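So the structure is just underneath, and the comments pick up after that.
Residue numbers (the numbering used here): 527 to 1009.
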């Protein structure tokens, strides 16, 4: 190891230890983050105008905001690098066993260590890139022109980070699949349980912490880049950066359904119809008394788009599989030609719902500002989107959300111009990653994604079987995401 690399590793370790002290972001804090000189607007948050007005930031504030964000991303990268090191070191005690003649899995250990090393190098290089920015004069600005150039440089840096890490989930999924499905079965039975206990790559909560932290890095980078691009294009209405305000949720669902249809048709040769229906509000009437008014909360459009594409694509696939099994009604072409099979439609239901705050186990939930215990006596408003298929159902719901748990090895290919999010440029559904990431995206700010198998019968004139995916988007913009 060179002296330079040793210094870099020491800096990574030092910054990784700062991770616990990082701030936790809420949607409101993201909206209040100031990139440039601008008059603060009253953001329409969750259908209610915000009365708080933030003063126009000075150049010093702009510089401080930028430098703080750079340092935060740097610390998050260091934490991820530390997690990768722990993944690798947890395998070390078993390396000799796998390399023995009795087991004969030495090559597998080498492959895993090499792939983990490649991910570590990726994080080291990205961390070094940020170091070069924060240690230079790129974050020092004293006039409007300098600030503009600074923002362009920082935006390009964050865009580079998103590009570098755009495909880094897939290698991790391949590593986990190899360790669990190839290496584990070669161990003597007496060692398999200790192996499962010791190797952190096989611990769902360890993987989820890594992926969640990565999503937050990508979100912060995307937010800055979007703010910069909106300012450059003078899109005064697009003040939210990565956050979409007053968005038309039905347009978003249409976009996701269109992308899912393209993917399904390209891979299966047929794509079921998607029927969208607006439902009435459950639990309470809104202030106008109009029960069917849908209020779109501030949303991270790229995240919700990804989740919708994932569940609609899965619903379509399930319906087509049902069609091939011959379990749906047939339709006859004009003129009495031979009957042919049609996949049943995918139904989307949208409504508002008031209920107690969603509680997520294992520390996945964030908290509201103030005393989190008071949440037990309050209600939150949620935008609820249900995707109902009439397919084959889900055999094991817990397994469906497990990371890298899929029987299929054929990857779906999303059209390049329709990449929904840098964190998941390839949907990876066939690797068992899509649902995992989708649920994490929704849970990050107090929502959730659930699956439930349907009981056969008629609902609203629709033959119900298969599965229902329920996406719940929290309208409370003060909810703090975990780190």
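Backbone N, C-alpha and C fix where the C-beta goes; we use that ideal spot for every residue, glycine too. Since we're looking at a predicted model, the values are computed, not measured.
Beta-carbon proximity list for residue i, same chain, < 7 Å, skipping 5 on both sides
{"i": "residue 613", "result": "642, 726 and 727"}
{"i": "residue 927", "result": "961, 962 and 965"}
{"i": "residue 534", "result": "650 and 654"}
{"i": "residue 638", "result": "617, 701, 704 and 705"}
{"i": "residue 604", "result": "538, 541, 542 and 653"}
{"i": "residue 1013", "result": "Lying before the first or after the last residue shown, residue 1013 is absent from the chain, which here runs from 527 to 1009."}
{"i": "residue 573", "result": "The predicted model places residue 573 with a pLDDT of 40, which falls under 50 and marks its position as unreliable; any figure quoted below should be read in that light. Correct list, in chain order: 821."}
{"i": "residue 544", "result": "601"}
{"i": "residue 786", "result": "835, 838, 839 and 842"}
{"i": "residue 920", "result": "926, 977, 979 and 993"}
{"i": "residue 718", "result": "710"}
Beta bridge counterpart(s) of residue i as assigned by DSSP
{"i": "residue 912", "result": "875 and 996"}
{"i": "residue 976", "result": "996"}
{"i": "residue 880", "result": "907"}
{"i": "residue 701", "result": "For residue 701, which the question treats as bridged, DSSP gives no partner whatsoever."}
{"i": "residue 800", "result": "872"}
{"i": "residue 553", "result": "Residue 553 pairs with nothing; no bridge assigned."}
{"i": "residue 825", "result": "770"}
Integer-rounded CB distance, given that residue j should sit under 8 Å from residue i
{"i": "residue 998", "j": "residue 734", "result": "Their Cβ separation, rounded to whole angstroms, is 19 Å, which puts residue 998 and residue 734 out of contact at 8 Å."}
{"i": "residue 1008", "j": "residue 832", "result": "The Cβ separation is near 19 Å, so there is no contact."}
{"i": "residue 803", "j": "residue 873", "result": "7 Å"}
{"i": "residue 918", "j": "residue 871", "result": "Between residue 871 and residue 918 the Cβ distance is about 16 Å, and since that is not below 8 Å, they are no contact."}
{"i": "residue 746", "j": "residue 846", "result": "With 8 Å as the limit, residue 746 and residue 846 do not qualify as a contact, their Cβ atoms being about 38 Å apart."}
{"i": "residue 704", "j": "residue 646", "result": "Not quite, the Cβ-Cβ distance comes to about 17 Å (not below 8 Å), so this is no contact."}
{"i": "residue 881", "j": "residue 906", "result": "7 Å"}
{"i": "residue 681", "j": "residue 796", "result": "Contact flag wrong, Cβ pair sits at about 42 Å."}
{"i": "residue 557", "j": "residue 775", "result": "The pair is not a contact, with the Cβ atoms about 18 Å apart (cut-off 8 Å)."}
{"i": "residue 601", "j": "residue 548", "result": "6 Å"}
{"i": "residue 596", "j": "residue 656", "result": "6 Å"}
{"i": "residue 619", "j": "residue 724", "result": "7 Å"}
Cβ neighbours of residue i in the same chain (closer than 6 Å, five flanking residues each side left out)
{"i": "residue 813", "result": "Note that residue 813 scores 41 on pLDDT, short of 50, meaning its location in the model is unreliable; the coordinates nonetheless yield the value given after this. Excluding sequence neighbours, residue 813 sits near nothing in its chain."}
{"i": "residue 996", "result": "912 and 976"}
{"i": "residue 798", "result": "842, 845, 869, 871 and 872"}
{"i": "residue 794", "result": "846"}
{"i": "residue 621", "result": "635"}
{"i": "residue 685", "result": "751"}
{"i": "residue 949", "result": "Confidence is the limiting factor: at residue 949 the pLDDT is only 37, short of 50, which leaves the residue's position unreliable, though a coordinate-based value still follows. 741 and 744, listed in sequence order."}
{"i": "residue 609", "result": "736"}
{"i": "residue 677", "result": "754"}
{"i": "residue 884", "result": "974"}
Beta-carbon proximity list for residue i, same chain, < 8 Å, skipping 5 on both sides
{"i": "residue 929", "result": "699, 702, 730, 733, 734, 737, 958, 959 and 962"}
{"i": "residue 791", "result": "797"}
{"i": "residue 749", "result": "556, 559, 767, 768 and 769"}
{"i": "residue 644", "result": "697"}
Check: residue i C-beta below 7 Å from any heavy atom of the ligand COA
{"i": "residue 640", "result": "The ligand COA is not part of the structure shown, which contains no ligands of any sort."}
contact_flag[the stretch 619-627, the stretch 767-778] where n(CB pairs < 8 Å) is 3 or more
no
*Using 8 Å as the threshold, is the stretch 834-847 in touch with the stretch 771-791, meaning 3 or more CB pairs across them?*
yes
Exercise. Unbroken alpha helix (DSSP H) runs of length 4 or more, entirely within the stretch 693-753: which are they?
Worked result: 695-703 and 715-724
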